[in-house]
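Residue numbers (the numbering used here): 178 to 591. As structure tokens, the structure follows; a few thoughts come after it.
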Ligand code: PMP
Ligand code: GLN
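Rendered as structure tokens:
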């Protein structure tokens with residue numbers, strides 16, 4: 178995907194968004210003047226997040242596209258990192274993560290989800306959730322294995338599967354973007370190696386409920402199918418809902434990599450630190466790969482996090498903090514022509530713009546950025562095969578109130 182500046186067009190070129198142009202012609206070879214290599218991801222280019230954030234910057238638009246907060250991390254946490262560096266914690270951390278941090282993670286999981294992972298064998302600190310997902314797939318997906326992915330899906334899932342010779346099998350969320358266990362059941366074959374789920378869901382903003390988890394547990398019971406449960410928005414659940422974690426279900430956690438991100442919990446997406454929880458037999462395979470694709474993760478940040486995780490329940494304040502932003506944005510857009518879909522979790526709000534335009538979502542998202550000064554993410558890049566006639570944008574509301582108000586003002590004028 179390339180842009181020609183604010184006045185120009187976002188256009189698919191030899192770089193293009195991963196799911197957006199899947200119906201386009203793949204580019205099987207990458208050529209230079211003297212050699213040609215076969216691309217391992219022929220349909221993939223620069224992500225829609227990068228493209229829209231770049232366009233927002235070029236246009237000076239309010240950026241509600243790529244998901245990141247525009248407010249600061251707690252100064253106490255930042256100071257702890259500085260302190261760790263000053264104290265000389267600047268060399269390689271242990272391969273699976275700092276023991277104190279793994280202990281704190283195991284205690285948190287026990288507190289919240291009632292199961293104690295062994296910090297020595299079943300907790301690994303990763304360079305963000307992205308690396309956790311990539312490494313888990315690398316560790317267990319063999320050429321020809323099928324991996325069930327629920328569309329719209331976060332963008333890094335399918336490329337990871339393809340890179341290791343697996344075959345993504347795409348199913349869809351059901352009506353109102355709700356989880357559809359029956360669709361997953363229909364997609365399962367003797368070749369299914371893994372099912373990937375995400376709750377709260379990016380980009381849909383819906384969550385899996387206990388009944389969905391039970392249906393999934395019943396479906397996978399007695400099979401060799403693994404689960405990857407992406408729970409990076411575990412604390413961002415609204416209207417009194419509780420996060421339904423795979424950890425709560427023995428039949429799920431015994432076959433699951435459960436993935437988390439400190440970027441979401443501490444408003445620090447740029448630190449790229451997260452973790453994965455898995456039973457020992459899976460984690461042993463995970464670590465074989467982890468030790469060669471990152472070996473270990475940022476030491477001073479791990480020291481700071483280990484101390485900060487004991488600060489009384491920072492994360493307990495998160496649901497109310499983000500609920501207020503969710504409500505502010507939704508109420509503000511009540512005065513617009515956008516129609517909002519239900520948002521049960523995550524920091525994303527889907528909005529239907531059919532009443533404003535029948536343009537395709539990429540074209541509309543660009544025009545919104547260029548002409549109206551607000552950047553959002555079109556939904557079609559999250560689909561292998563985007564549904565026709567869909568007019569949806571994703572807005573990130575993890576922003577200061579002033580940013581949200583300024584965006585609401587612009588969006589209500591359209
Ligand atoms: N999964 C989902 C659903 C996400 O939204 C994100 C990032 N926003 C990630 C994984 C990756 O997280 P990280 O930045 O920690 O790699
Ligand atoms: N997870 C962020 C989002 O959904 C983007 C992260 C990225 O740019 N890779 O917007």
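Glycine is no exception: its CB is placed at the ideal position from the N, C-alpha and C atoms.
The criterion of a C-beta distance shorter than 7 Å is satisfied by residue 455 and residue 434.
At least one heavy atom of the ligand PMP falls within 6 Å of the beta-carbon of residue 438. DSSP places residue 302 inside the beta strand (DSSP E), whose first and last residues are 300 to 303. The C-beta separation of residue 570 from residue 556 comes to about 7 Å, placing the pair in contact by the 8 Å criterion. Annotated as proximal: residue 290 and residue 424, with beta-carbon spacing under 7 Å.
The ligand GLN has no heavy atom closer than 6 Å to the beta-carbon of residue 274. Listed in chain order, the non-local C-beta contacts of residue 240 below 7 Å within the same chain comprise 230, 233, 552, local neighbours out to five positions each way being set aside. In the three-state reduction of the DSSP assignment, residue 591 falls in the coil class, being assigned neither a helical nor a strand state. Distances from the CA of residue 277 to each of 217, 369, 479 were compared; the closest alpha carbon is that of 479.
Placement of the Cβ of residue 224 at a distance of 6 Å or more from every heavy atom of the ligand PMP is found.
For the 7 Å CB-CB criterion, residue 573 and residue 525 form a contact. Distance from the C-beta of residue 379 to the nearest heavy atom of the ligand PMP is below 6 Å.
Counted as a single uninterrupted DSSP element, the stretch harbouring residue 272 is not any beta strand (DSSP E), since DSSP gives it neither H nor E.
When 584, 550, 585, 465 are compared, the shortest CA-CA separation from residue 237 is found for 550. Under the three-state reduction of DSSP, residue 467 is assigned to helix. Within the region 222 to 296, complete beta strand (DSSP E) segments of at least 3 residues are not found at all. The residue among 468, 411, 398, 248 with its C-alpha nearest the C-alpha of residue 362 is 398. Residue state for residue 407 is assigned as strand, using DSSP reduced to three classes. Within the same chain, Cβ atoms closer than 7 Å to the Cβ of residue 299 are found at 454, 455, 456, 457, 460, the five residues on either side in sequence being excluded. By the beta-carbon neighbour count (other beta carbons within 10 angstroms, threshold 16), residue 475 is buried.
According to the DSSP assignment, residue 391 belongs to the alpha helix (DSSP H) that extends over 387 to 397. In the DSSP assignment, residue 427 falls within the unbroken alpha helix (DSSP H) covering 427 to 430. Your pair residue 527 and residue 588 does not check out as a contact, with CB atoms roughly 14 Å apart and the cut at 8 Å.
Using a Cβ-Cβ distance cut-off of 8 Å, the region 338 to 346 and the region 309 to 327 are in contact, since at least three pairs of beta carbons, one from each stretch, lie closer than that value. With contacts defined by Cβ atoms closer than 7 Å, residue 437 and residue 450 do not form a contacting pair. One thing to note: residue 315 has its Cβ within 7 Å of the Cβ of residue 466.
For residue 328, the uninterrupted beta strand (DSSP E) run begins and ends at 323 to 328, by DSSP. With fewer than 16 other CB atoms across the displayed protein chains lying within 10 angstroms of its CB, residue 268 is exposed.
Look at residue 369 here: in three-state DSSP terms it is strand.
With a cut-off of 6 Å, the C-beta of residue 243 is classified as near the ligand GLN, since at least one heavy atom of the ligand falls inside that distance.
Residue 273 sits buried, since 16 or more C-beta atoms from the chains shown fall within 10 Å of its C-beta. As computed with DSSP, residue 517 is found in a beta bridge with 528. Short note on residue 331: C-beta closer than 6 Å to some heavy atom of the ligand PMP.
By the Cβ test, the region 493 to 507 is in contact with the region 574 to 585, since at least three Cβ pairs between them sit closer than 8 Å. DSSP places residue 347 in the uninterrupted beta strand (DSSP E) bounded by 344 to 349. In this structure, the alpha-carbon of residue 281 lies about 33 Å from that of residue 341.
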